[in-house]
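J.:
Protein chains: 4
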Amino acid sequence: MSRHVPLASILALALAMHTGPPAFGGGADASAEAERALKDKVARATRMLAREGLLGSSGHVSARVPGTARVLIGPADVSRDLVSGEDVVAVDLDSRPLDKVHRPPLETEIHTGVYRARPDVMAVVHSHPVHSVVFSITGKPILPVTVHGAIFADGVPVFEHVGHVNSRELGDALARALGSHRAALIKMHGAVIVGPSVEEAFVAALQLEENAEKQLWAEATGRAEPMTPEEAARCIRQSFSPFSVAKRWQYYVDKEKAERRP
Amino acid sequence: MSRHVPLASILALALAMHTGPPAFGGGADASAEAERALKDKVARATRMLAREGLLGSSGHVSARVPGTARVLIGPADVSRDLVSGEDVVAVDLDSRPLDKVHRPPLETEIHTGVYRARPDVMAVVHSHPVHSVVFSITGKPILPVTVHGAIFADGVPVFEHVGHVNSRELGDALARALGSHRAALIKMHGAVIVGPSVEEAFVAALQLEENAEKQLWAEATGRAEPMTPEEAARCIRQSFSPFSVAKRWQYYVDKEKAERRP
Amino acid sequence: MSRHVPLASILALALAMHTGPPAFGGGADASAEAERALKDKVARATRMLAREGLLGSSGHVSARVPGTARVLIGPADVSRDLVSGEDVVAVDLDSRPLDKVHRPPLETEIHTGVYRARPDVMAVVHSHPVHSVVFSITGKPILPVTVHGAIFADGVPVFEHVGHVNSRELGDALARALGSHRAALIKMHGAVIVGPSVEEAFVAALQLEENAEKQLWAEATGRAEPMTPEEAARCIRQSFSPFSVAKRWQYYVDKEKAERRP
Amino acid sequence: MSRHVPLASILALALAMHTGPPAFGGGADASAEAERALKDKVARATRMLAREGLLGSSGHVSARVPGTARVLIGPADVSRDLVSGEDVVAVDLDSRPLDKVHRPPLETEIHTGVYRARPDVMAVVHSHPVHSVVFSITGKPILPVTVHGAIFADGVPVFEHVGHVNSRELGDALARALGSHRAALIKMHGAVIVGPSVEEAFVAALQLEENAEKQLWAEATGRAEPMTPEEAARCIRQSFSPFSVAKRWQYYVDKEKAERRP
């Protein structure tokens, strides 16, 4: 019985994270297969974030199908703890549903707004993290105070609109607030974390909240002095490599499997 | 196998939340059936709030049978995590038990006091939420600092009586303190959350505590500035619609089922 | 299938809490049977407090056998989550073991010191509650700021000795610090909660920590003003009656059963 | 059925903690057997720390094989919740892998740096404890404010390098920062806890975080005055004896077994 994941698998996973489906040669079948796999990954990330308390009865994960204008997104109307790849819906960059199985979220524009503005972004997480959101209430900045928070050293802007991001105009405005950053807070509401892969956006979503919890404790008891830009650059290089991201993703995959084991 | 809940079901649920049993035509059988279903819903809300930590060895949920002076309420003497529809008891608006299976709670007047004063209220939750109660100790107001807290933007009054609400006089006084609000705190004790349906009172009870936890962290580390009335109105419209409430209710129903599976 | 506990049972339980074994007539068999039942209760309270996070790898519950100089106490060397009635050991009031199955705790004097000084005390809990212990670090007093905390309105003295209570001298000194109170803190270490029954000491142990957690949040964000003595007296009367204590005890008994149900 | 662990077993365990494998006489077989047992212990400590929230997708436990220059360490690429003795890898004191089954952690130098400098250290834990790390952000010292924290009364130095400890130079520098202490913090990153046995390092790792959580609450609400050196010495003698350490280790072993029981 093999419960462990050998190095080769994690390296393969790390490589796969940055690779889209074959651009040609496979034809329609290969492409459909790749999209099914990506839907499974979106669903898995959603379930795992729910399990970690970052999503609850709402919040969503999406991914752009490489080389297309298709976005795969968790549906509005399926419980986040139970969602499967078959439930994931496809929308275009104007948030129009491309199939009829499930309804896309009311806030699909959080995702499509970012995809329109940021060609580098291939995955988006919209979470409701308890500690991170506090910073959008006090107006104090999230600072890089931990190795895992270093990836947010260039700042986590706050999108000042209080309410749903449910129109093209708001999606565009959120994307402008996000700019070239890795994450933004939506005031009094939640967070948006983006990345070049589902795995990376998933891991970054966890790291945002881990850093925020420690920063709140630091501010409640003393002064939270951020790391220097040089330190942040080193931390990112060291602990946010494709290997590290793949390892963390695999950790939560294993954890889900272990807890499901009767 | 269908683990997901299609849109149609949630919409049907949203509609049903605001619909009582058939006013006539069904006769005694249909009415008994509707009451059984409402008892099941009261029991389910109780179990789900216990699971979320808002009820423990005490606290209760009730519902008014539409068009009657009957109130269905979780019993005093059944563990909140295990209560079933059969355990739910019926009382009249004077808190007198209408059957003998179980004993009504000592604080039934929390519920009947509100039902007498507020014809619009069809369901009441009495919870013991850790973070919300803190505001009734410090005397600081609960403020709308999150999208989910917007429904409390008109204020959460504190009923200043420290102790049980176990007489008609106290039930009336609590109802006066509550006024037209959606929730009140009972000083150093707990919360009362009301709504036009069990689902809406259940969801509001969760939202009160979610908002309170974030507000406490904000106050421990900075300043908690509330949203504007305009922002609050928008948040309520957007995230407390019948669809949203039904979706959140369904989320916890699914979660309970998933945890009971094996 | 009966998952609920009818009122009659809880009332019987409430009565039994304040009743020892038959003083005569039953002979040796009846008395052995009563002691076995009391050992089961000590073990159950220990497991339930471990489940609620108030005991961990150490901490203990004890009971005095009514009308005797025998004390039944959870052993030093059995995991608190797993202890059964058969593991519970008997000691005399000088902390000498009366049987050889298991070793009594190193700190048995916490219990026997109190039993020697307080004939009214029939049960003692020694817990390690996270939030309550903080007050023995800061030196700030635990105040009655919640209905459940009212039972501590006459104060929770701090025994200033930092270390184990492992001698007759220290047991006596702890008892003097406790005086006629219901609970004391052992500085930087833990809590001692006493009562006329295992059930009451168990419930009081939970209430001490519930009150402490809310008080800490109140102090971190504002001012924690205690309730008045009149309010405290009312709260004790209302929410610490034999019925209330029996109901809360039963709640945790049911919870343990439910979680063990495969 | 025997769910409890009699005193004799715990005493035997306490003795075994301070005893290496037979120095001679057993030959290669006995030595291989002892190493397998030590690998199992490293894996078990890793799983139990993950279960307690001190390790997650990263962090590791190691042990030195007594009388050798071999270090057994949890691998980089196996989920901490699932690691078994077979997954544990052997490295030399220069962090070079001695077998090829799994990859050693990128930060193996945290461990080997300490083993090179501290012949007394037989086990090292590298954890990521939420509350302890906060002190490496604010720069406030961790103080002995609880009986369990007394073992850190001589101070918990902060290694000021922000980033991975992934070179011999950094391993040496960390060991210098640690000096003769029992634990050090790695700034904005995590903790290193050392001991003469896996059991003792494991228990100390838990105690560091327990003390830190209470100290944070004390500082958020008042003043955290440390115990005196005399008090600390007494607490260490009393609650960190081989018996106490063995008892606490056994507690978590039992807990893991109980939770795995279907």
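Residue numbers (our numbering), protein chains in the order written: chain F, 348 to 609; chain H, 348 to 609; chain U, 348 to 609; chain R, 348 to 609. By construction, the Cβ of each residue, glycine as well, lies at the ideal position given by its N, Cα and C atoms.
Does the separation of the CB atoms of CYS582(R) and ALA530(R) fall below 8 Å?
T.: Within the fourth sequence, the letter at position 235 stands for residue 582(R). Within the fourth sequence, the letter at position 183 stands for residue 530(R). No, they are not a contact pair.
J.: If I'm right that ALA392(F) touches PHE549(F) with Cβ under 8 Å, what's the distance once you round it to whole angstroms?
T.: The residue labelled residue 392(F) in the question sits at position 45 within the first sequence. The residue labelled residue 549(F) in the question sits at position 202 within the first sequence. The pair is a contact, with the Cβ atoms about 5 Å apart (cut-off 8 Å).
J.: Among ALA377(R), VAL412(R), VAL471(R), ALA423(R), whose alpha-carbon lies nearest the alpha-carbon of PHE590(F)?
T.: Locating residue 590(F) in the first sequence gives position 243, counting from the first residue. Answer by Cα proximity: ALA423(R).
J.: Give me the Cα-Cα distance between VAL448(H) and GLY414(H), rounded to the nearest whole angstrom.
T.: Here the question's residue 448(H) lines up with position 101 in the second sequence. Here the question's residue 414(H) lines up with position 67 in the second sequence. Roughly 24 Å separates the two Cα atoms.
J.: Have a look at the DSSP bridge pairing and note the partners of ILE533(F).
T.: By 1-based counting over the first sequence, the position of residue 533(F) is 186. PHE506(F), GLY537(F).
J.: Distance, Cα to Cα, LYS386(F) vs GLU380(F)?
T.: Here residue 386(F) corresponds to residue number 39 of the first sequence, with the count starting at 1. Here residue 380(F) corresponds to residue number 33 of the first sequence, with the count starting at 1. When rounded, the distance between both Cα atoms is 10 Å.
J.: Whole angstroms is fine: what's the gap from THR459(H)'s alpha carbon to PRO466(H)'s?
T.: Sequence index remark: in the second sequence, residue 459(H) carries index 112 (1-based). Sequence index remark: in the second sequence, residue 466(H) carries index 119 (1-based). When rounded, the distance between both Cα atoms is 11 Å.
J.: Evaluate LYS604(F) with the Cβ neighbour count: other Cβ atoms within 10 Å of its Cβ, from every protein chain shown; 16 or more gives buried, anything less gives exposed.
T.: Residue numbering aside, residue 604(F) sits at position 257 when the first sequence is read from its first letter. Per the 10 Å Cβ criterion, exposed.
J.: Along the chain, where does the alpha helix (DSSP H) that runs through HIS458(F) open and close?
T.: In the first sequence, counting from the first residue as 1, residue 458(F) sits at position 111. It spans 455-464 - the alpha helix (DSSP H) in which HIS458(F) sits, taken as one unbroken run.
J.: Taking GLU342(F) as the reference, which of LEU563(F), PRO476(F), VAL471(F) has the closest Cα?
T.: Limits of chain F in this structure are 348 at one end and 609 at the other, which puts residue 342(F) out of reach.
J.: Check distances from the C-beta atoms of the region 528-561 of chain F to those of chain R and list, in chain order, the residues that come in under 7 Å.
T.: GLU560, LYS561
J.: May I have the straight-line CA-CA distance separating LEU401(F) from LEU553(F), to the nearest angstrom?
T.: Walking along the first sequence from the start, residue 401(F) turns up at place 54. Walking along the first sequence from the start, residue 553(F) turns up at place 206. Cα to Cα, the separation comes out at about 8 Å.
J.: Counting only the same chain and skipping the five closest in sequence on each side, list residues whose C-beta sits under 6 Å from that of ALA522(U).
T.: Walking along the third sequence from the start, residue 522(U) turns up at place 175. Same-chain partners within the cutoff: GLY460, VAL461, ALA464.
J.: Since HIS407(R) is in the beta strand (DSSP E), which residue starts that stretch and which ends it?
T.: Taking the fourth sequence and counting its residues from 1, the one referred to as residue 407(R) is at position 60. Per DSSP, HIS407(R) is one residue of the beta strand (DSSP E) stretching across 407-411.
J.: Under the assumption that PHE562(H) contacts ALA551(H) (Cβ atoms under 8 Å), give the Cβ distance between them as a whole number of angstroms.
T.: Taking the second sequence and counting its residues from 1, the one referred to as residue 562(H) is at position 215. Taking the second sequence and counting its residues from 1, the one referred to as residue 551(H) is at position 204. Sequence check: residue 562(H) is Gln here, not Phe. Here GLN562(H) is actually not in contact with ALA551(H); their C-beta atoms are around 16 Å apart, not less than 8 Å.
J.: DSSP three-state call for LEU419(H): helix, strand or coil?
T.: Reading the second sequence from its first residue, position 72 is the one you call residue 419(H). Note: LEU419(H) maps to strand in three-state DSSP.
J.: Going by the DSSP bridge assignment, what does GLY542(U) pair with across the sheet?
T.: On the third sequence, residue 542(U) is found 195 positions in, with the first residue counted as 1. Per DSSP, ALA470(U).
J.: Pull up the DSSP beta-bridge partners for PRO576(R), would you.
T.: As a first step, residue 576(R) is located in the fourth sequence; it is residue number 229 there, counting from the start. Within the DSSP bridge table, the entry for PRO576(R) names no partner.
J.: Pick from ILE420(U), ASP428(U), ALA520(U): whose alpha carbon is nearest that of LEU445(U)?
T.: For the purposes of this step, residue 445(U) is identified with residue 98 of the third sequence, where counting begins at 1. Of the listed residues, the one whose Cα sits closest to LEU445(U) is ILE420(U).
J.: Residues of chain H with CB closer than 8 Å to the CB of ASP601(U), please, in chain order.
T.: Residue 601(U) sits at position 254 when you count from the first residue of the third sequence. What ASP601(U) touches in chain H: SER426, ASP428, LEU429.
J.: Taking 8 Å as the cut-off, does the region 404-418 of chain R touch the region 427-442 of chain R (at least 3 CB pairs, one atom from each stretch)?
T.: yes
J.: How many Å lie between GLU433(F) and ALA500(F) at the Cα?
T.: Indexing the first sequence from 1 puts residue 433(F) at position 86. Indexing the first sequence from 1 puts residue 500(F) at position 153. Rounded to the nearest angstrom, the two C-alpha atoms are 37 Å apart.
J.: Less than 8 Å between the CB atoms is what I'm expecting for ALA567(H) and ALA567(R), so what's the real figure, rounded?
T.: Stepping through the second sequence from its first residue, residue 567(H) is reached at position 220. Stepping through the fourth sequence from its first residue, residue 567(R) is reached at position 220. Contact holds; Cβ gap of about 7 Å.
J.: Under 8 Å between C-beta atoms, does VAL505(U) make it to chain R?
T.: For the purposes of this step, residue 505(U) is taken as the residue at position 158 of the third sequence. Not an interface residue.
J.: Could you tell me whether any Cβ in chain U is nearer than 8 Å to the Cβ of MET348(R)?
T.: In the fourth sequence, residue 348(R) corresponds to position 1, counting from 1. Confidence at MET348(R) is low in this model, with a pLDDT of 33, below 50, so the placement of that residue is unreliable and no value is reported for it.
J.: Who are the neighbours of LEU563(H) on chain U, taking C-beta pairs under 8 Å?
T.: What you label residue 563(H) is simply residue 216 of the second sequence in a count that begins at 1. Within 8 Å of the CB of LEU563(H), the CB atoms of chain U belong to TRP564, ALA567, THR568, in sequence order along the chain.
J.: Identify every residue that forms a DSSP beta bridge with PRO444(H).
T.: Looking up residue 444(H) in the second sequence gives position 97. Looking at the DSSP assignment, PRO444(H) forms a beta bridge with VAL438(H).
J.: Enumerate in chain order the residues of its own chain whose CB-to-CB distance from ASN513(F) is below 7 Å, with the five nearest sequence positions on each side excluded.
T.: Counted from its first residue, the first sequence places residue 513(F) at position 166. If we look at ASN513(F) and ignore the five residues flanking it on each side, its Cβ neighbours are LEU453, GLU454, GLU456.
J.: Between ALA370(U) and chain H, is there a C-beta pair that is closer than 8 Å?
T.: Residue 370(U) sits at position 23 when you count from the first residue of the third sequence. In this prediction, ALA370(U) scores a pLDDT of 44, lower than 50, which makes its location untrustworthy; the coordinate-derived value is nonetheless stated afterwards. Chain H contact via Cβ: absent.
J.: Closer than 7 Å by C-beta to HIS528(R): which residues in its own chain qualify, once you throw out the five before and the five after it? Chain order, please.
T.: The sequence position of residue 528(R) within the fourth sequence is 181, counting from 1. Closer than 7 Å at the Cβ level, and outside the excluded window around HIS528(R), lie ASP501, GLY502, VAL503, PRO504.
J.: If we define contact as Cβ-Cβ less than 8 Å, is VAL472(R) a contact residue for chain B?
T.: Any reference to chain B falls outside this structure, whose protein chains are F, H, U and R.
J.: Could you tell me whether the Cβ of VAL492(F) comes closer than 8 Å to any Cβ of chain R?
T.: As a first step, residue 492(F) is located in the first sequence; it is residue number 145 there, counting from the start. By this cut-off, VAL492(F) is an interface position.
J.: Using the beta-carbon of each residue, which ones in chain R are nearer than 9 Å to LYS388(F)?
T.: On the first sequence, position 41 is the one that residue 388(F) refers to. Per Cβ cutoff of 9 Å: no residues; LYS388(F) is ~17 Å from chain R at best.
J.: Can you have a look at GLY518(U) and say buried or exposed, based on whether 16 or more other CB atoms are within 10 angstroms of its CB?
T.: Reading the third sequence from its first residue, position 171 is the one you call residue 518(U). By the 10 Å Cβ count, GLY518(U) comes out buried.
J.: Looking at the structure shown, is VAL512(R) part of a helix, part of a strand, or coil, going by DSSP?
T.: The count along the fourth sequence starts at 1 and reaches residue 512(R) at position 165. Residue state, collapsed to three classes: coil.
J.: Taking only beta-carbon atoms, is HIS458(F) less than 8 Å away from chain H?
T.: Counting from one through the first sequence, the residue named residue 458(F) turns up at place 111. No, no contact with chain H.
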